[in-house]
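J.:
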Amino acid sequence: MIQDTVTVGLGDRSYDILVGTGLLQRAGELIRPALRRPKTFVVTDENVAALHLDGFRSALAAAGIEAGVHVLPAGEQTKSFRHLEELIGAMLDARLERRDRVIALGGGVIGDLTGFAASILRRGIGFIQVPTTLLSQVDSSVGGKTGINTRQGKNLVGTFHQPALVLADTGVLDTLPRRELGAGYAEVLKYGLIRDAAFFQWLEAHGAEVLAGDPAARAHAVATSCRAKADVVAADEFETGERALLNLGHTFGHALEAETGYGERLLHGEGVAIGMVLAFELSARLGLCDPQAPATVRRHLRLLDLPASPADIPGPPLDARRLIGHMAQDKKVKDGRITFVLARGIGDAFLTSDVDTADVEAMLTDALQTA
């Protein structure tokens with residue numbers, strides 16, 4: 002059942018995000034109008050394939066759609082040059098034409114990698130996002146950012162390549178481990194912290210229901226998040242200004258991911274959760290927001306059993322200077338200065354490059370010692 006439709010308004014490249022339950026079972030009828038011919042190619046990972054691939058292919062076949070498949074390993078390590086080359090080879094072997102569209106069935110890793118491969122194959126073919134995690138439904142599947150990781154950092158190689166359609170089946174979130182749901186919830190929370198204090202208040206009241214699996218709460222959270230991102234993307238598709246606000250928590254989070262090796266030690270959404278607290282901590286230290294704001298964000302995360310401090314990350318302690326070194330590789334660095342998303346309060350984020358590195362290091366040093 003389609004419970005909401007969000008349109009990303011980009012002129013002749015506009016596309017819909019369909020939010021609801023049972024959409025994978027209806028995938029054929031929903032996707033067929035977006036295909037130029039009844040042929041496609043599905044990219045997924047081993048975990049998603051075991052849960053959803055057979056049913057998804059059956060739904061495509063019921064609509065007369067022929068679908069090749071390529072299954073990749075699960076995990077952030079798959080966003081690499083090696084797997085990009087493997088995927089492009091598989092697409093070429095499938096004889097995909099320039100007018101065809103491929104389908105990314107999976108989380109953010111599969112969506113980012115598939116979108117990047119599609120953007121460079123035959124100088125660009127179309128693709129469709131079918132995100133299967135909360136994080137990818139509210140963030141990475143929307144807006145056209147694609148890419149892979151390198152040893153220098155996360156998402157430093159990629160393109161802007163908008164999908165033709167997004168199917169966000171909130172019913173498949175029931176198959177996710179609690180930790181994966183929590184990681185996705187951090188990206189939902191982000192939209193309330195950036196410029197929607199009312200949504201943050203709604204999450205304070207209903208966030209536990211979103212994580213517990215309440216269908217109405219999940220659909221509302223996903224649709225509200227997608228609508229917020231769609232508005233920003235329509236206004237600033239290539240991140241020359243306002244869209245960078247969507248990186249709240251990401252400059253810190255990406256540094257934490259890089260330092261911990263992009264693995265199970267710290268999931269992307271967990272890094273963002275911690276990063277958002279750090280952004281509010283830095284804002285408070287600089288006198289930009291109420292000193293209680295960081296505690297409010299931290300308390301909400303703690304109530305939902307989400308990490309809220311670098312000290313919550315298992316394993317050996319991290320080093321503030323090494324984290325700053327990772328941040329210096331961030332895509333938002335301009336003229337050697339790191340651009341931060343900071344806040345004047347909950348629901349009032351802004352961009353600035355006017356931050357002394359010494360202040361960042363002092364804040365990180367304290368945060369690394371305090372759970």
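Numbering (my numbering), first residue to last: 2 to 372.
Positions of the beta carbon are idealized from the N, C-alpha and C atoms, including for glycine.
1. Grouping DSSP H, G and I as helix and E and B as strand, with all else coil, what is K146?
2. Just the Cα atoms here: how many angstroms apart are V273 and L249?
3. Residue range of the beta strand (DSSP E) that V71 falls in?
4. From what residue to what residue does the beta strand (DSSP E) around G154 run?
5. Cα-Cα, which of V278, V143, G159 and D336 is closest to L11?
6. State the start and end residues of the unbroken alpha helix (DSSP H) segment that holds G125.
7. Nearest to V167 by alpha carbon, out of P318, I3 and D313?
8. Could you check what DSSP says for G346 in three-state terms: helix, strand or coil?
9. Let's test the definition: count the other Cβ atoms within 10 Å of the Cβ of D113 and tell me whether it reaches 16, buried, or not, exposed.
10. What do you reckon, are the CB atoms on R37 and R102 nearer than 9 Å?
11. For K333 versus A245, is the C-beta distance shorter than 9 Å?
12. If you run the structure through DSSP and keep just helix, strand and coil, what is T371?
13. Note down, in chain order, each residue of its chain lying with its Cβ closer than 6 Å to the Cβ of A259, except the 5 sequence neighbours on either side.
14. Using a Cβ-Cβ cutoff of less than 7 Å, which residues in the same chain neighbour V223 once the five nearest sequence positions on both sides are dropped?
15. Straight-line CA distance for P315 to G288?
16. Would you call the stretch 121-129 and the stretch 84-103 touching, i.e. three or more CB-CB distances under 8 Å?
17. Using DSSP with H/G/I as helix, E/B as strand and the rest coil, what is Y16?
18. In the structure shown, what three-state DSSP assignment does P315 receive?
19. Taking the continuous beta strand (DSSP E) assigned at Q4, which residues delimit it?
20. Judging by CA-CA distance, which residue of L174, D46 and L302 is the nearest neighbour of T79?
21. Please report the distance separating the alpha-carbon of R196 from that of L352.
22. Between the alpha carbons of G108 and T133, how many angstroms are there, rounded?
23. Can you look up A169 in the DSSP assignment and give me helix, strand or coil?
24. Let's see if you can read the secondary structure: which residues bound the beta strand (DSSP E) around V44?
25. Would G214 pass as a contact of L305 if the rule is Cβ separation under 9 Å?
26. So what's L106 in DSSP terms, helix, strand or just coil?
27. Determine the closest residue to F341 out of I325, T252, A294 and L267, with distance taken between C-alpha atoms.
28. Any idea if G337 is buried or exposed, counting beta-carbon neighbours within 10 angstroms, 16 or more meaning buried?
29. Who are Q130's beta bridge partners in DSSP?
30. May I ask you to check if the CB of R33 is nearer than 8 Å to at least one heavy atom of the ligand GDP?
31. Assign R37 to one of three DSSP states: helix, strand, or coil.
32. Ends of the alpha helix (DSSP H) at S284?
33. My output table needs one value for T358: the three-state DSSP class, helix, strand or coil.
34. Going by alpha carbons, who is nearest to F161 out of M277, L343, L177 and G116?
35. With distances taken from CA atoms, which of A105, F200, R303 and A75 is nearest V278?
36. Following the continuous alpha helix (DSSP H) through L257, name the residue where it begins and the one where it ends.
T.: Judging by the given coordinates:
1. Looking at K146 - three-state DSSP - the assignment turns out to be strand.
2. The alpha-carbon atoms of V273 and L249 are separated by roughly 8 Å.
3. It is His, not Val, that sits at residue 71 in the sequence shown. Where H71 is concerned, the enclosing beta strand (DSSP E) stretches over E67 to L73.
4. For G154, the uninterrupted beta strand (DSSP E) segment begins and ends at G154 to V158.
5. Looking at the Cα atoms, V143 is the closest of the given residues.
6. Bounds of any alpha helix (DSSP H) do not take in G125, whose DSSP letter is neither H nor E.
7. Shortest Cα-Cα distance from V167 to any of P318, I3 and D313 involves I3.
8. In the structure shown, G346 sits in a strand (DSSP, three-state: E or B).
9. By the 16-neighbour rule on beta-carbons within 10 angstroms, D113 is buried.
10. Yes, the Cβ-Cβ distance between R37 and R102 is below 9 Å.
11. Yes, the Cβ-Cβ distance between K333 and A245 is below 9 Å.
12. In the structure shown, the three-state DSSP call for T371 is coil.
13. Exclusion of the five residues before and after A259 leaves G154 and H327 as the residues of its chain whose Cβ lies within less than 6 Å of its Cβ.
14. These residues qualify, in order along the chain: V20, Q138, V139, A169 and T171.
15. Cα-Cα distance, rounded: 31 Å.
16. Touching, per the Cβ criterion.
17. Secondary structure of Y16 (DSSP, three-state): strand.
18. Residue state, collapsed to three classes: coil.
19. Q4 -> beta strand (DSSP E) spans I3 to V9.
20. Cα-wise, what sits closest to T79 is D46.
21. Those two C-alpha atoms are separated by around 13 Å.
22. G108 and T133: Cα-Cα distance of roughly 5 Å.
23. In the three-state scheme derived from DSSP, where H, G and I count as helix and E and B as strand, A169 is classed as strand.
24. Per DSSP, V44 is one residue of the beta strand (DSSP E) stretching across K40 to D46.
25. Taking 9 Å as the Cβ cut-off, G214 and L305 do not qualify as a contacting pair.
26. Note: L106 maps to strand in three-state DSSP.
27. That would be T252, whose Cα lies nearest to the Cα of F341.
28. G337 counts as exposed, since fewer than 16 other C-beta atoms from the protein chains shown sit within 10 angstroms of its C-beta.
29. Paired residue(s): A105 and V167.
30. Ligands displayed in this structure: none; no statement on the ligand GDP is therefore possible.
31. Coil, per DSSP.
32. Its alpha helix (DSSP H) spans residues H269 to R286.
33. Look at T358 here: in three-state DSSP terms it is helix.
34. That would be G116, whose Cα lies nearest to the Cα of F161.
35. Closest by C-alpha distance to V278, out of A105, F200, R303 and A75, is R303.
36. L257 -> alpha helix (DSSP H) spans H251 to T261.
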